[in-house]
Every structure is written in C-alpha cells, then in structure tokens.
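Residues in the sequence shown are numbered from 6 upward in steps of one, following my numbering.
Yeah, the Cβ is synthetic: ideal placement off N, Cα and C, and Gly gets one too.
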Amino acid sequence: MRRYGLVGYPVKHSLSPAMHNAAFKDLGIDAEYELFEVKPQDLGEFFAAFKERLAGANVTIPHKEASIEYLDEVKEAAGSIGAVNTVISENGRLIGDNTDVSGFLEALKNDLGFKADGKKAVVLGAGGAARAVTFGLHAQNIKSVFLIDLDARKAASLAIDLAKAGCDAAAIKYDKDAVDGLILNADLLVNATPCGMKEGDPELVDARSMHKGLAVFDLIYNPAKTALIREAEKRGCRAANGLGMLLYQGAKAFELWTGKRPNSNVMKEALIKALRSI
Ligand code: NAP
Numbered sequence: 006m007r008r009y010g011l012v013g014y015p016v017k018h019s020l021s022p023a024m025h026n027a028a029f030k031d032l033g034i035d036a037e038y039e040l041f042e043v044k045p046q047d048l049g050e051f052f053a054a055f056k057e058r059l060a061g062a063n064v065t066i067p068h069k070e071a072s073i074e075y076l077d078e079v080k081e082a083a084g085s086i087g088a089v090n091t092v093i094s095e096n097g098r099l100i101g102d103n104t105d106v107s108g109f110l111e112a113l114k115n116d117l118g119f120k121a122d123g124k125k126a127v128v129l130g131a132g133g134a135a136r137a138v139t140f141g142l143h144a145q146n147i148k149s150v151f152l153i154d155l156d157a158r159k160a161a162s163l164a165i166d167l168a169k170a171g172c173d174a175a176a177i178k179y180d181k182d183a184v185d186g187l188i189l190n191a192d193l194l195v196n197a198t199p200c201g202m203k204e205g206d207p208e209l210v211d212a213r214s215m216h217k218g219l220a221v222f223d224l225i226y227n228p229a230k231t232a233l234i235r236e237a238e239k240r241g242c243r244a245a246n247g248l249g250m251l252l253y254q255g256a257k258a259f260e261l262w263t264g265k266r267p268n269s270n271v272m273k274e275a276l277i278k279a280l281r282s283i
C-alpha cells in the first residue's frame with residue numbers, strides 16, 4: 006500500500022484525508038492518506054524518513070516555506086511564491102510544487118466566473134494563502150493588487166515580491182476605513198485571513214462599500230457562509246467560499262502523485278460529508 010499524508014501543526018481537523026481516501030477508493034488505488042502532526046523543530050526528522058515512508062504529501066501551516074530546504078527540486082509555481090503545499094517522491098527525489106495557485110484560479114473561474122485580466126483586486130491577508138492568490142492573479146494578468154494585513158511588514162514584503170515579478174502591487178497596514186475606500190474602486194475582494202472562521206470575529210469591511218460589480222472570494226470554507234459572504238450576497242455581489250480551492254488544489258496534488266485525474270465530484274461529496282461531521 007502506498008502512503009500519502011498531510012504534514013502540518015496542528016492538522017487534527019483537516020478534511021484532506023476524507024477527500025483523498027474517497028478518490029483512492031473510487032479509482033481502486035491501494036493507498037492511504039494520513040495526518041502527520043509535526044512540530045517545527047521536528048520537520049527535518051520528518052523529511053529524513055519521507056522517502057522510505059511516503060509516496061507523496063501535502064504541506065500546510067506552518068511548514069509551507071520551511072519545507073523547501075529539505076527538497077531535491079522545487080517547481081516554478083512553488084519557487085516563485087516561496088511556498089510548497091505538495092511534495093512528490095519520484096525516483097528517490099523529493100519534488101516540491103504548489104497547487105494552491107491553480108486551485109485558487111480554478112475556483113475563481115468555476116465558482117465565481119471571474120476573469121482577472123485587466124481587473125483590480127484587494128486582498129486581505131498577506132500570509133501563505135495570499136501569496137498563492139496574488140501570484141495566481143498576476144499570472145492571469147490582473148491590473149493591480151492591493152494587499153492589506155495587520156502586519157504591515159508582511160504585506161510590504163509580499164508587495165515587493167510581486168513587484169519584482171512585474172505585478173502592480175501596493176500594500177498597507179489593515180485599517181477599516183482605508184479598506185472600504187479601496188473596495189469601492191475594486192473588481193475583486195479576497196479574504197485570505199482567518200478572520201470570519203469564528204462567530205464574533207470582527208467585521209473585515211463595511212458592507213456598504215461592497216458594490217454590485219464586486220466579486221468576493223473568501224478562502225474560508227467552515228463556516229460555508231462567513232459574515233463577509235452573507236453581506237456580499239445581500240448587496241448583490243457574486244461570492245464564493247474556499248471549498249472549491251480546497252477541492253481543486255487537492256485534485257491537482259492527487260494527479261501529481263498518481264498520474265490519474267480523480268473524480269472531483271467524489272472528492273467534493275467526501276469534503277461536504279466530512280464538514281457535516283465536524
Ligand atoms: P497565515 O499565513 O496565518 O496568514 C494570514 C494573515 O492574515 C496573517 O498575516 C495575519 O496577520 C493576517 N490577518 C489576520 N487577521 C486579519 C485581519 N483582521 N485583517 C487583516 N489581516 C489579518 O494564514 P494562511 O495560510 O495565509 O491562511 C489564511 C486563511 O486562508 C486561513 O483561514 C486558511 O484556513 C485559509 N486557507 C484556505 C485554503 C483553501 O483551500 N480554501 C488554502 C489555504 C488557506 P497576523 O499574522 O498579524 O495575525
């Protein structure tokens with residue numbers, strides 16, 4: 006039996022095993038996907054045993070950047086954003102890739118019907134997920150990206166990396182009034198912060214700034230409708246949550262590991278079932 010898994014800290018509540026194990030079963034592949042809760046100080050040990058134990062893995066918080074040093078090769082999608090979310094073990098070599106980028110772009114197209122070419126985006130959050138989102142938008146010829154994070158240095162650092170890649174990017178420290186002004190002039194708003202996961206989280210934007218022409222993508226998928234999505238829908242905006250991104254990044258990783266395209270409906274049903282049982 007081939008073994009795959011997700012390495013992160015913490016990973017207990019991940020939906021990835023449900024989605025991947027359903028796809029293995031559906032295709033009759035003798036494989037299992039498990040969770041590996043690995044503390045940052047133990048990451049080297051985990052990778053030292055990788056080739057013997059695993060055929061492939063996903064990588065999540067807080068290891069997406071730190072994993073790079075343990076790999077033999079890093080594909081361009083992961084190298085340009087400086088974060089790996091998928092590792093493939095091939096002929097004794099560990100290869101790192103990033104399927105969050107293509108997962109986000111596929112969800113943007115399928116779930117939101119949004120074409121980035123020539124448009125203006127405001128992205129809340131400048132962590133690993135925002136890196137995948139913004140480099141994906143740049144690859145689709147977005148006109149400009151405004152990054153907003155509680156951590157001004159993090160936002161500035163991502164804006165610099167994007168600018169180096171030729172993207173018109175600017176950054177500010179999170180400030181609700183400034184965010185509202187920027188949204189009035191934007192075509193796309195992406196929430197790449199964890200704000201909205203918990204009941205009682207602060208309101209990220211003033212609902213009145215969400216105009217009808219604005220498309221809203223919230224990377225959060227639990228709850229399925231965050232306050233941001235509820236308000237966006239009330240205002241007549243197109244809105245999508247992060248379930249599609251989770252699904253498509255997983256489907257792409259599965260294909261990289263097995264060479265087989267999984268049935269995305271099977272994976273989606275497994276995700277929805279797993280979400281209901283949380
Ligand atoms: P991360 O690396 O922790 O980055 C989140 C960033 O958002 C941090 O810089 C944080 O700043 C900032 N932030 C938090 N609250 C904020 C607020 N109210 N206003 C502005 N900035 C704020 O996390 P991540 O890996 O990028 O993930 C971000 C979110 O996306 C999480 O909810 C995660 O579950 C989700 N996600 C979804 C998918 C999917 O497939 N759907 C994939 C990846 C991630 P501080 O560090 O100062 O708090």
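Output yes or no for whether 8 Å exceeds the beta carbon distance between residue 49 and residue 76.
The count along the sequence shown starts at 1 and reaches residue 49 at position 44. The count along the sequence shown starts at 1 and reaches residue 76 at position 71. Result no, Cβ atoms of residue 49 and residue 76 do not sit closer than 8 Å.
Rounding to the nearest angstrom, what Cα-Cα distance links residue 262 and residue 184 in this structure?
Position 257 of the sequence shown holds residue 262. Position 179 of the sequence shown holds residue 184. Going by the C-alpha atoms only, they are around 40 Å apart.
Buried or exposed: which applies to residue 278, given that a residue is buried once 16 or more other Cβ atoms fall within 10 Å of its Cβ?
As a working note, residue 278 is residue 273 in the sequence shown. Exposed: under 16 other Cβ atoms inside 10 Å.
CB-CB under 6 Å to residue 56, same chain, minus the five flanking residues each way: which ones, in chain order?
As a working mapping, residue 56 is identified with position 51 in the sequence shown. The answer, listed in chain order, is 94.
On the DSSP letters alone, give me the boundaries of the alpha helix (DSSP H) that residue 263 sits inside.
Walking along the sequence shown from the start, residue 263 turns up at place 258. Taken as a continuous stretch (DSSP letters only), the alpha helix (DSSP H) holding residue 263 covers 248-263.
List, from N- to C-terminal side, the alpha helix (DSSP H) runs of 4 residues or more that fit wholly inside the segment 16-55.
21-32, 48-53
Round the Cβ separation of residue 120 and residue 190 to the nearest angstrom and send it over; I've been treating them as touching at under 8 Å.
The residue labelled residue 120 in the question sits at position 115 within the sequence shown. The residue labelled residue 190 in the question sits at position 185 within the sequence shown. Contact doesn't hold; Cβ gap of about 18 Å is too wide.
List, from N- to C-terminal side, the beta strand (DSSP E) runs of 3 residues or more that fit wholly inside the segment 183-257.
193-196, 220-223, 243-245
Which first and last residues belong to the alpha helix (DSSP H) in which residue 269 is found?
Position 264 of the sequence shown holds residue 269. Per DSSP, residue 269 belongs to the alpha helix (DSSP H) from 269-281.
Can you have a look at residue 46 and say buried or exposed, based on whether 16 or more other CB atoms are within 10 angstroms of its CB?
In the sequence shown, counting from the first residue as 1, residue 46 sits at position 41. Residue 46 is exposed by the Cβ-count criterion.
One question on the structure: do residue 237 and residue 244 come within less than 8 Å of each other, judged by their Cβ atoms?
Taking the first residue of the sequence shown as position 1, residue 237 is located at position 232. Taking the first residue of the sequence shown as position 1, residue 244 is located at position 239. Result yes, Cβ atoms of residue 237 and residue 244 sit closer than 8 Å.
Considering residue 84, what are the terminal residues of the alpha helix (DSSP H) in which it resides?
Numbered from its first residue, the sequence shown carries residue 84 at position 79. 81-86 is the span of the alpha helix (DSSP H), which, as asked, contains residue 84.
Does the Cβ-Cβ distance between residue 107 and residue 253 come in under 8 Å?
The residue given as residue 107 occupies position 102 in the sequence shown. The residue given as residue 253 occupies position 248 in the sequence shown. Against a cut-off of 8 Å, the Cβ pair of residue 253 and residue 107 comes out as a contact.
Who pairs with residue 151 in a beta bridge, going by DSSP?
As a working mapping, residue 151 is identified with position 146 in the sequence shown. Partner(s): 127, 175.
Less than 8 Å between the C-beta atoms of residue 60 and residue 9, yes or no?
Position 55 of the sequence shown, counted from the start, is the residue given in the question as residue 60. Position 4 of the sequence shown, counted from the start, is the residue given in the question as residue 9. In this structure, residue 9 lies closer than 8 Å to residue 60 by Cβ.
Determine the direct distance from the alpha carbon of residue 234 to that of residue 99, and round the result to whole angstroms.
Against the sequence shown, residue 99 aligns to sequence position 94. Against the sequence shown, residue 234 aligns to sequence position 229. When rounded, the separation of the alpha-carbon atoms in residue 99 and residue 234 is 39 Å.
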